[in-house]
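A.B. asks: 1 is the number of the first residue of the sequence shown in UniProt numbering; add one for each residue after it.
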Amino acid sequence: MTAVNDDSPTYSRDVRHVARHLLAHPGPIVILTHENPDGDAVGSVLGLSRALRSLGKTTLPVTAPPRYLRFLAQEGELLPSLDAWPEGALLAVLDVDNNDPVRVAGADLAAFHGDVVNVDHHGTNARRATAGVVDPSKPAAAMMVTDVILAMGVTLTEEIATPLMLGLITDTGSFRFESVTPDAFDCASQLRAAGARLGWLNDNLAQNPHSYYLLMREMLGSLEFLHGGQVVLARVDAEMLERAGATWEEVESYVSLLRNAEGSVLAVMVKDYGDRVKVSLRSRGGVSAQNVAVQLGGGGHVPAAGATVSAPYAVARPQLDAAIAEELSRVSRTEPS
Numbered sequence: 001m002t003a004v005n006d007d008s009p010t011y012s013r014d015v016r017h018v019a020r021h022l023l024a025h026p027g028p029i030v031i032l033t034h035e036n037p038d039g040d041a042v043g044s045v046l047g048l049s050r051a052l053r054s055l056g057k058t059t060l061p062v063t064a065p066p067r068y069l070r071f072l073a074q075e076g077e078l079l080p081s082l083d084a085w086p087e088g089a090l091l092a093v094l095d096v097d098n099n100d101p102v103r104v105a106g107a108d109l110a111a112f113h114g115d116v117v118n119v120d121h122h123g124t125n126a127r128r129a130t131a132g133v134v135d136p137s138k139p140a141a142a143m144m145v146t147d148v149i150l151a152m153g154v155t156l157t158e159e160i161a162t163p164l165m166l167g168l169i170t171d172t173g174s175f176r177f178e179s180v181t182p183d184a185f186d187c188a189s190q191l192r193a194a195g196a197r198l199g200w201l202n203d204n205l206a207q208n209p210h211s212y213y214l215l216m217r218e219m220l221g222s223l224e225f226l227h228g229g230q231v232v233l234a235r236v237d238a239e240m241l242e243r244a245g246a247t248w249e250e251v252e253s254y255v256s257l258l259r260n261a262e263g264s265v266l267a268v269m270v271k272d273y274g275d276r277v278k279v280s281l282r283s284r285g286g287v288s289a290q291n292v293a294v295q296l297g298g299g300g301h302v303p304a305a306g307a308t309v310s311a312p313y314a315v316a317r318p319q320l321d322a323a324i325a326e327e328l329s330r331v332s333r334t335e336p337s
């Protein structure tokens, strides 16, 4: 099999550069991703780790999957955190900027002084890795990791392809999002041909604990339709979790549910931790979730982004409202009259 995304000389060059660094490194390779990892993050970490191990490399894949993704890894395959950096380590950071210590989870980046490779599809990436490939046009980091794996000469197998397929279907919304490119289908075809367990993935992803539905009832009680229904917003706090017997992990997918509201162009899911809030955003129709998130100190993609505001909800809410109003105003100004 060959890399599927070889249309851009710069992209292909960067993929090969990352592949060479991974192949040439004789010591352990620590693989990190972002906090609150989603399917693209977990799938990319697992896919790369398994590919490197097939080459005889020592890997330390560090990420703590949420409950709904724990079915993917084998027992003990993933490390929840790294207490100390192994001697002679190379750091591989996936699906997040390696210069974003607030978002890169699982290890103390300030204590690491070795080489770093970075594979990311976020446009806000500072591009400061020793070897990196960053391309916001790719709908999933798992696509880019697949290309790196193929550039290393690794033959895709079922155990490598399956987590990569998870990443691909996660960040494309099972190929429903406008960000899906022809390359995404090509990548999916190669992963499927290698044995990626698509039905098994979807069956596991569709299962939710009872508390998920009890918490949904709580969440829907907070529902607000703003700006004439263009914005749908909901909030979850600790008291709601306690009543439902749920965890914060179960809140993650609700923003996609809100996005389905007819007439909405922006969905906002607020996790209210008391002393701070985390905002997840999904958008459509020319509205940029990324713009709203950046105004709040966060980032992400145009259709999907997030931010954490270090203030109680009562303080953070006016900031959120102002950022939303500014983005809707921008879209209104740019729309043809």
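Beta carbons: idealized from backbone N, C-alpha and C, even for Gly.
All figures in this text were calculated on a predicted structure; none of them were measured in a lab.
Leaving aside the five residues before and after glycine 299 along the sequence, list all residues of the same chain whose C-beta is less than 7 Å from its C-beta, in chain order.
C.D. replies: Sequence index remark: in the sequence shown, residue 299 carries index 299 (1-based). Correct list, in chain order: His122, Thr124, Gln290, Ala293, Ala305.
A.B. asks: How would you label leucine 258, buried or exposed, when you count the other beta carbons within 10 angstroms and need 16 or more for buried?
C.D. replies: Here the question's residue 258 lines up with position 258 in the sequence shown. Leucine 258 should be labelled buried.
A.B. asks: Go ahead and pull the three-state DSSP assignment for aspartate 203.
C.D. replies: Translated into positions along the sequence shown, residue 203 becomes position 203. The answer is helix: DSSP assigns aspartate 203 an H, G or I state.
A.B. asks: What residues are listed by DSSP as bridge partners for serine 283?
C.D. replies: By 1-based counting over the sequence shown, the position of residue 283 is 283. Paired residue(s): Leu266.
A.B. asks: Since valine 309 sits in a beta bridge, which residues does DSSP pair it with?
C.D. replies: Taking the sequence shown and counting its residues from 1, one reaches residue 309 at position 309. BP columns for valine 309 point to Val277.
A.B. asks: In the DSSP assignment, find the beta strand (DSSP E) that holds aspartate 120 and state where it starts and stops.
C.D. replies: Here residue 120 is taken as the residue at index 120 of the sequence shown, counted from 1. Its beta strand (DSSP E) spans residues 116–120.
A.B. asks: Run through DSSP, which three-state label would proline 61 get?
C.D. replies: For this step, residue 61 is matched to residue 61 along the sequence shown. Strand, per DSSP.
A.B. asks: Measuring only the C-alpha atoms, how far is proline 9 from alanine 314?
C.D. replies: Counting from 1 along the sequence shown, the entry for residue 9 is found at position 9. Counting from 1 along the sequence shown, the entry for residue 314 is found at position 314. Cα to Cα, the separation comes out at about 49 Å.
A.B. asks: Take leucine 48 as the anchor and find which of Ile160, Gln190, Leu328 has the nearest alpha-carbon.
C.D. replies: Along the sequence shown, one-based indexing puts residue 48 at 48. Per the Cα distances, Ile160.
A.B. asks: Could you tell me which residues DSSP puts in a beta bridge with lysine 271?
C.D. replies: One-based indexing of the sequence shown puts residue 271 at position 271. DSSP lists Val236, Lys278 as partners of lysine 271.
A.B. asks: Exposed or buried, histidine 210, counting other C-beta atoms within 10 Å across all chains shown (16 or more means buried)?
C.D. replies: Taking the sequence shown and counting its residues from 1, one reaches residue 210 at position 210. Burial call: exposed.
A.B. asks: Short of 6 Å in beta carbon distance, which residues of its chain neighbour valine 270, apart from the five on each side in sequence? Order them along the chain.
C.D. replies: Sequence index remark: in the sequence shown, residue 270 carries index 270 (1-based). Result list for valine 270: Arg235, Val277, Val279, in chain order.
A.B. asks: For alanine 141, does the three-state DSSP call read helix, strand or coil?
C.D. replies: Translated into the one-based positions of the sequence shown, residue 141 becomes position 141. Correct three-state label for alanine 141: helix.
A.B. asks: For a test of the three-state rule: what should DSSP assign to threonine 172, helix, strand or coil?
C.D. replies: The residue given as residue 172 occupies position 172 in the sequence shown. Coil, per DSSP.
A.B. asks: Using alpha carbons as the reference points, say which of Pro61, Pro65, Arg67 lies closest to aspartate 83.
C.D. replies: Looking up residue 83 in the sequence shown gives position 83. When only C-alpha atoms are compared, the closest one is Pro61.
A.B. asks: Does the beta-carbon distance from aspartate 120 to alanine 141 come in below 9 Å?
C.D. replies: Along the sequence shown, one-based indexing puts residue 120 at 120. Along the sequence shown, one-based indexing puts residue 141 at 141. The answer is yes: Cβ separation under 9 Å.
A.B. asks: Measuring CB to CB, does aspartate 40 end up less than 9 Å from leucine 191?
C.D. replies: Along the sequence shown, read from residue 1 onward, the residue named residue 40 stands at position 40. Along the sequence shown, read from residue 1 onward, the residue named residue 191 stands at position 191. No; because the gap between Cβ atoms is not below 9 Å, this pair is not in contact.
A.B. asks: Cα separation between aspartate 135 and glutamate 262?
C.D. replies: The sequence position of residue 135 within the sequence shown is 135, counting from 1. The sequence position of residue 262 within the sequence shown is 262, counting from 1. Those two C-alpha atoms are separated by around 32 Å.
A.B. asks: Between Pro318, Ser44, Gly173, which lies nearest to threonine 63 when the distance is taken from Cα to Cα?
C.D. replies: Along the sequence shown, one-based indexing puts residue 63 at 63. Closest by alpha carbon: Ser44.
A.B. asks: Could you say which of Asp147, Ser264, Leu281 lies nearest to glutamate 252 if we only look at CA atoms?
C.D. replies: Residue 252 sits at position 252 when you count from the first residue of the sequence shown. Closest option to glutamate 252, Cα to Cα, is Leu281.
A.B. asks: Looking only at its chain, what residues have a beta carbon closer than 6 Å to the beta carbon of glutamate 249, apart from the 5 residues adjacent to it on each side?
C.D. replies: Within the sequence shown, residue 249 is the residue found at index 249, counting from 1. Excluding positions up to five away in sequence, the list reads Pro66, Arg67.
A.B. asks: Taking the C-alpha atoms as reference points, what is the distance between aspartate 275 and valine 302?
C.D. replies: Taking the first residue of the sequence shown as position 1, residue 275 is located at position 275. Taking the first residue of the sequence shown as position 1, residue 302 is located at position 302. Each residue's Cα considered, the two are about 28 Å apart.
A.B. asks: Work out the CA separation of alanine 111 and aspartate 91 for me, nearest whole Å.
C.D. replies: Numbered from 1 along the sequence shown, position 91 holds the residue referred to as residue 91. Numbered from 1 along the sequence shown, position 111 holds the residue referred to as residue 111. In the sequence as displayed, the identity of residue 91 is leucine instead of aspartate. Rounded to whole angstroms, leucine 91 to alanine 111 spans 12 Å at the Cα level.
A.B. asks: How would you write the range of the beta strand (DSSP E) that valine 292 sits in, first residue to last?
C.D. replies: What you label residue 292 is simply residue 292 of the sequence shown in a count that begins at 1. It is not in any beta strand (DSSP E) - valine 292 instead sits in the alpha helix (DSSP H) that spans 289–295.
A.B. asks: Touching or not, the region 194–205 and the region 221–229, by the rule of three or more beta carbon pairs under 8 Å?
C.D. replies: Output reads no: the region 221–229 does not touch the region 194–205.
A.B. asks: Please state whether the Cβ-Cβ distance between threonine 170 and alanine 184 is less than 9 Å.
C.D. replies: Here residue 170 corresponds to residue number 170 of the sequence shown, with the count starting at 1. Here residue 184 corresponds to residue number 184 of the sequence shown, with the count starting at 1. No, the pair does not count as a contact, with Cβ atoms beyond the cut-off.
A.B. asks: Specify, as a first and last residue, the run of the beta strand (DSSP E) that histidine 34 falls within.
C.D. replies: Within the sequence shown, the letter at position 34 stands for residue 34. Histidine 34 -> beta strand (DSSP E) spans 29–34.
A.B. asks: Tell me the rounded alpha-carbon separation between arginine 217 and serine 264.
C.D. replies: Taking the first residue of the sequence shown as position 1, residue 217 is located at position 217. Taking the first residue of the sequence shown as position 1, residue 264 is located at position 264. Cα to Cα, the separation comes out at about 20 Å.
A.B. asks: Does the Cβ-Cβ distance between glycine 132 and histidine 34 come in under 9 Å?
C.D. replies: Position 132 of the sequence shown holds residue 132. Position 34 of the sequence shown holds residue 34. No, Cβ-Cβ distance for glycine 132 and histidine 34 is not below 9 Å.
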